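Residue numbers (numbering that gives the first Met the number 0), protein chains in the order written: chain G, 0 to 296; chain P, 0 to 296; chain Y, 0 to 296; chain D, 0 to 296.
Glycine residues also receive a C-beta, built at the ideal position from the N, C-alpha and C atoms.
None of these values were measured; they are calculated from a predicted model.
So the structure is just underneath, and the comments pick up after that.
Protein chains: 4
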Amino acid sequence: MRGVVPPMITPLVDEYNLDLPGLKKLIEHILAGGVHGLFLLGTTGEGPSLSNKLKYEMVKKSCEIIAGRVPVLVGISDTSFAESISLAEHAAECGADAVVLAPPYYFPAGQAELLEYFEHLAPKLALPIFLYNMPSMTKVTINVDTLQKASEIDNIIGFKDSGGNMIRYHEYINAMRDKPDFSMLIGPEELFGESVLFGGHGGVVAGANIKPRLFVDMYEAAVAGDLDKIKKLHQEIFVFRQLYLCGQYTSSFIKGVKCSLNCMGICSDFMAEPFHAFREPERNKIEALLHKIKLLD
Amino acid sequence: MRGVVPPMITPLVDEYNLDLPGLKKLIEHILAGGVHGLFLLGTTGEGPSLSNKLKYEMVKKSCEIIAGRVPVLVGISDTSFAESISLAEHAAECGADAVVLAPPYYFPAGQAELLEYFEHLAPKLALPIFLYNMPSMTKVTINVDTLQKASEIDNIIGFKDSGGNMIRYHEYINAMRDKPDFSMLIGPEELFGESVLFGGHGGVVAGANIKPRLFVDMYEAAVAGDLDKIKKLHQEIFVFRQLYLCGQYTSSFIKGVKCSLNCMGICSDFMAEPFHAFREPERNKIEALLHKIKLLD
Amino acid sequence: MRGVVPPMITPLVDEYNLDLPGLKKLIEHILAGGVHGLFLLGTTGEGPSLSNKLKYEMVKKSCEIIAGRVPVLVGISDTSFAESISLAEHAAECGADAVVLAPPYYFPAGQAELLEYFEHLAPKLALPIFLYNMPSMTKVTINVDTLQKASEIDNIIGFKDSGGNMIRYHEYINAMRDKPDFSMLIGPEELFGESVLFGGHGGVVAGANIKPRLFVDMYEAAVAGDLDKIKKLHQEIFVFRQLYLCGQYTSSFIKGVKCSLNCMGICSDFMAEPFHAFREPERNKIEALLHKIKLLD
Amino acid sequence: MRGVVPPMITPLVDEYNLDLPGLKKLIEHILAGGVHGLFLLGTTGEGPSLSNKLKYEMVKKSCEIIAGRVPVLVGISDTSFAESISLAEHAAECGADAVVLAPPYYFPAGQAELLEYFEHLAPKLALPIFLYNMPSMTKVTINVDTLQKASEIDNIIGFKDSGGNMIRYHEYINAMRDKPDFSMLIGPEELFGESVLFGGHGGVVAGANIKPRLFVDMYEAAVAGDLDKIKKLHQEIFVFRQLYLCGQYTSSFIKGVKCSLNCMGICSDFMAEPFHAFREPERNKIEALLHKIKLLD
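If you want it as structure tokens, here you go:
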């Protein structure tokens, strides 16, 4: 796995139903940007907020629409071991290519417990696994040492780091330098350029829901070592991220992505509980920003 | 709801099956101690770690065994709105008396978002609701102000605070002083005595799985204002809690409860993933402590 | 040391000068309330914000005014070992009775480092020492185990806990139960009643700057085990603490104490940098509260 | 100010005395590496741990030895406004070129309070000022917005960010893009390369005490945009940093720098309280690492 793998939002009509036309438009919109894969049911995809039924449907429909054009990764993080296994089975049946697994996010595990958990779960999964470091949500950091040991497990093939700690990211990269086939992806899009420049393989960047080409361009520039272009795109990304800062809560980030897509006519901006779509004042800010960056005219 | 409401552990044979004989023994053991209710599928009950199927079975079997002898509260906290509703329906069908709801524990909500979430969810639930403050797991504190507003919602009838911040607990109590029917329960058993002394109504205390009478005695002493007895029991509770400190991770607490019950011949100590039962060295410490406090001879 | 030991504010005319008439009035006001000691240059006393010159003067003048009527404790916490020693020498010369020492608060020390620090510093000090746990300011908690070991050092005679964690406070008390001469004092006044009820010896309570009698009454009620009186005073203290919540920053607490004293005509409310006295809107709130609790008519 | 500005350690014979011969050797060692300035009394320089007397002497002696060969920056961060001013005056008299100021580090200030503090202090200082963001020690982050406003104050001429949050660093850089004369320096040396690549002006990097040329090389490579060299040096820096990880406490970092310099025969490794020099086991690790990276043969 190399390149840009957008963590796709889940277009919803309401708490119980997918916005299917929106989902189709969204997938086409993202694929048109030249991305290298798609990641379903991650944090940006509101995975944990959806009912099991809706998760299963989302995987099925998305795989049908994507139809093998790019690899599909499915988030199976759950506080329940059994539910993660079931969802992974379903993902395999639907034709997904890999699963993505963060630590169980209710009761925090120690590093040794975490490693055992990976060792117990991995053999039960039909698909290869990306580990997912997301301490702001899971309260647990996957330590460099734990990653190194986990990477010895048979079907663990990659890592996504959304920790936002660039020193630790460099440590992860250094620790895995001898395994060039192990995919190292980064989360915060603001660090995407430098992560690839210093040895990372790609990014799981939410902004690619809205403007996939921007991140594909950054990936290509970073691989090519084109510093001028990297700097230019880096600044664009920092303007672009204003879209995430229009609300006052942590949820502002996902709300901003969904609202932008809705303003652009792509899909519904309904948010699963406990959140709600941006209301008038925030929506106005989003629209103004979209005009500014030429995503609306 | 007044008094001692143990957050019951979930006896497991393995990841997929209840230890039913153990469950029966455990319920009889706890009820024999004179407790005032039972709380299923809380943090101590490993609720979030269990598959939906297992949760449903646990509620059904427990309600059958308890058979109305004490009120039953069922934890329905989930990151998915729909799953919380389903479990609450099932709990109502099984004859449970109330549900217990913590904030969704993946993506953290702001206070206004939290209040809306309670407002949206409450009308959809057949059973009355206890809110549950558990910031160490959910990353979100239910503010005093939010509790006060939420207590205006029709079927929200009580609050369980496991925050461990005694100043805030007093604030909660003060805020609800005009609603004496609203139940105020506290989590950490180390603070149980003083919480009742200063106006609380009871405790959701994990130690009551092991030695229910100790906590029932404390409740009665605190209600009676018997200071000498309270101090004596308070010190006993601080010896007792050594049972929770035998391991090195946060999970040491639940492992300690399950291991103690297993040593006492009551039920299995199997832990759901990502945890495992205490191994030899910790188990030896537990046994020594149980001898010391006369729960084993 | 038993009872109420107010952490006295430092009345200032400006950044460089004590408000001497205010200091005199303040000391008389506090002593008239029947307190059992006075603590200078603590957190409430803005100790770390004052120049060395001003600290020395504050100790000298206060000792002169107090003139042996109650024991005087002097805060010598500093990031520099040498400065702590010098200030302790000065305190001894001025006739103070003990010093109070928190961990150095810039670079955080580990527990073993902390214990060595106490072992190195204690023999160099002429006065007996109270250790001071103040993790919100120092970033370091003095662990129960560290306290127990430190209490073996010759002239360490007591402990002040401002951690606000009541479970840990009970652990400290339990750990020191065999040394009844070792003074155990608590910081947050909201927990003063229960701390004495459960074995503590007194409180370093900022509110006693404003209304010393309230806290002396609570101390006496708690020692006597008069539950009705304790509950009544406990509620008064929770009304009283509104005085600390009138501003929006952490500093609101000290500003509230100084503003109250100024409104009551006792001393200047000048705050050392980086803070400033409450401005009009907050001052109006303070005045309203003081009327409500009958400290102004 | 551009380039590499090592935060120099303070060589000590004991708690009260500078290791003067060591200081001379150290300064020559660092200057020989081609650095662009020297920063005294920072975190690495144990500034807050030293007595006032020792701080003054350190500034005086260092300025004499440096004798204008590079600009000298002096840390004046203090919890006391008056002490900061005095030290800045002394620095000016000794011929230093600028001062470095972190937020007062005991009682945490809000952003508005912080800005007022900068506004009040700046006019009282004879030397130009670098602000210093060091939240792990001060508990306070200087927000992007606060930096922008503070940069309007007359003699505030630069910023050193040791926050370690690379997203925020990019935001700082973007916020100051219109003021190219305002110096933007970064703290963690692990992020030095990318910070200069993306618009930063230099680094305050502790490793330059030990191997100044490594960081000067990195600076030059980053300014030149020589990606291959940057990557090579970046990896060297990550090997080099093992020197900081030989102990178990936060202090391991400074201990590692001092121990390395001592092993290299440059100066004493005495640490001011509450710390102590590395003992045998850690020293052995340091020696082995120094051999590995060819700083010892």
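In the DSSP assignment, find the unbroken beta strand (DSSP E) run with residue i in it and report its ends.
i	result
D:S182	182 to 185
G:L100	97 to 100
D:D144	Taken as a continuous stretch (DSSP letters only), D:D144 belongs to no beta strand (DSSP E), being part of the alpha helix (DSSP H) at 143 to 149.
Y:V73	71 to 74
P:G157	155 to 160
D:D13	11 to 13
P:F38	37 to 39
Report yes or no: is there a C-beta of chain Y within less than 8 Å of the C-beta of residue i?
i	result
D:A125	no
D:Q247	yes
D:L55	In the sequence as presented, Leu is not what sits at residue 55 of chain D; that position holds Tyr. So, not an interface residue.
D:P20	no
For the alpha helix (DSSP H) containing residue i, name the first residue and the last one.
i	result
P:A125	It is not in any alpha helix (DSSP H) - P:A125 carries neither H nor E in the DSSP assignment.
P:G21	19 to 30
P:D329	For residue 329 of chain P there is no data in the structure shown, the boundaries of chain P being 0 and 296.
P:L213	211 to 223
D:S83	80 to 93
G:Y168	165 to 174
P:M136	134 to 137
Taking CB distances under 8 Å as the criterion, tell me whether residue i reaches chain G.
i	result
D:F214	no
P:P273	yes
D:E193	yes
P:G255	no
D:F197	yes
P:P122	no
Taking CB distances under 8 Å as the criterion, tell me whether residue i reaches chain D.
i	result
G:M133	no
Y:S50	yes
Y:H119	yes
Y:M217	no
Y:E14	yes
G:G163	yes
Y:G109	yes
Please go through the same chain and pick out, in chain order, the residues whose beta-carbon is closer than 7 Å to the beta-carbon of residue i, but skip the five residues on each side of it.
i	result
Y:G44	P6, M7, I8, T9, G74
P:A87	I75, V98, L124, A125, L126
Y:E189	I236, F237, R240
Which whole-angstrom value describes the C-beta separation of residue i and residue j, a residue pair presumed to lie in contact below a C-beta threshold of 8 Å?
i	j	result
Y:F106	D:S76	Between D:S76 and Y:F106 the Cβ distance is about 12 Å, and since that is not below 8 Å, they are no contact.
G:K138	P:K138	7 Å
Y:C245	Y:F277	7 Å
P:V71	P:V34	Not a contact, Cβ separation roughly 12 Å.
G:L39	G:V58	6 Å
Give me, in chain order, the residues of the same chain whose beta-carbon lies closer than 8 Å to that of residue i; leave out the 5 immediate sequence neighbours on both sides.
i	result
D:I26	M7, L37, S61, I64, I65
P:V203	V4, P5, P6, F38, G41, K159, S161, L184, I185, G186
Is there a C-beta anywhere in chain P that falls below 8 Å from the one on residue i?
i	result
G:L113	yes
Among the residues of its own chain, which have a CB less than 6 Å from the CB of residue i, if the five just before and after it don't count?
i	result
D:S182	M0, G157, H200
P:A125	A91
P:G41	P6, G74
P:D96	P70, V71
Y:P211	I29, G32, V34
Practice problem: With 8 Å as the C-beta to C-beta threshold (strictly closer), list the residues of the segment 167 to 189 of chain G near chain D in chain order. | Solution: In summary, the residues of the segment 167 to 189 of chain G whose CB is separated from some CB of chain D by less than 8 Å are H169, E170, N173, P187, E189, in the order they occur in the chain.
**Q.** Positions along the segment 127 to 158 of chain Y whose CB lies within less than 9 Å of some CB in chain D
**A.** For the segment 127 to 158 of chain Y, which is checked against every Cβ of chain D, the residues closer than 9 Å are S135, M136, T137, K138.
| request: Mind checking the segment 68 to 84 of chain D against chain Y and listing, in chain order, the residues whose C-beta falls within less than 7 Å of any C-beta there? | output: Interface annotation for the segment 68 to 84 of chain D against chain Y: T78, S79, F80, A81, E82, criterion Cβ-Cβ distance under 7 Å.
Review point. Of the residues that make up the segment 219 to 253 of chain P, which ones have a beta carbon closer than 8 Å to any beta carbon in chain Y?
Key: Result list: G224, L226, K230, H233, Q234, F237.
Scan the segment 28 to 45 of chain Y for residues whose Cβ lies nearer than 8 Å to a Cβ of chain D and list them as they occur along the chain. Of all residues in the segment 28 to 45 of chain Y, T42, E45 have a Cβ within less than 8 Å of some Cβ in chain D.
Q) Using a Cβ cut-off of 9 Å, which residues of the segment 269 to 296 of chain G contact any Cβ in chain P, in chain order? A) Of all residues in the segment 269 to 296 of chain G, A271, E272, P273, F274, H275 have a Cβ within less than 9 Å of some Cβ in chain P.
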